[in-house]
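Participant: Encoded as structure tokens, here's the structure I'll be asking about.
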Amino acid sequence: MYELPTYTKIWRIVQLIPFGKVASYGQISDLAGLPGRARLVGKSLSCVPEGMSLPWYKVLRSNGQIAFPVGSAQSQKQIGLLEQEDIFVFNNRINLKIFLWHPDLHELLWKLEY
DNA sequence: ACCTTGACATTGG
DNA sequence: GCCAATGCCAAGG
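Mapping the first sequence onto our numbering, position 61 (from 1) lands on 311, and the numbers just tick up by one.
Printed below as a string of structure tokens:
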């Protein structure tokens, strides 16, 4: 049983964030079996191949903030995509009490078997 | 092989 | 709240 490349593991977790929910960089790294490597999640998302479908915009900082600079084109694009899932952004921040993903770990492992 | 770069997280003041 | 310091480590140059 060989290990998937780090970025591939991360992308596969991000793919499982359900509609209308968000996750944090640290949460994704934990779920990918890479605790303490939140920065690699950000790096991996900046390396997503062109044309690969991935809900990158649902990954936020641990406090619910959007990671891109306020007012940047990337931030505005992210806000638009979030609102398409009825995830609302105020002052560059999402309310995690409402929108944070709480995955069922058994179900998650099962889905990763594919 | 060394150095730098990150869409981060946590802690302590 | 804010800021600075520290830890993290795969990838790319």
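Note that CB positions come from ideal geometry on N, CA and C, so glycine has one too.
Only a predicted model underlies this, so the values are computations on that prediction, with no experimental measurement involved.
#1: Closest to Q265 by C-alpha separation, out of V298, Q324, Q326, would be which residue?
#2: What would DSSP say about Q324, mapped onto helix, strand or coil?
#3: Output the distance between the C-alpha atoms of S216 and N342, rounded to the nearest integer angstrom.
#4: Would you grab the beta carbon distance between G270 and I344 for me? Rounded to a whole angstrom, and I think it's under 8 Å.
#5: Exposed or buried, what is Y364 when buried is set at 16 or more other beta-carbons lying within 10 Å of its beta-carbon?
Facilitator: In brief:
#1: Numbered from its first residue, the first sequence carries residue 265 at position 15. Ranking the options by Cα distance to Q265, first place goes to V298.
#2: Counting from 1 along the first sequence, the entry for residue 324 is found at position 74. Correct three-state label for Q324: helix.
#3: Residue 216 lies beyond the stretch modelled for the chain, which goes from 251 to 364, so this question has no answer here.
#4: On the first sequence, position 20 is the one that residue 270 refers to. On the first sequence, position 94 is the one that residue 344 refers to. Not confirmed; about 11 Å, so no contact.
#5: The sequence position of residue 364 within the first sequence is 114, counting from 1. Counting Cβ neighbours within 10 Å, Y364 comes out exposed, since fewer than 16 surround it.
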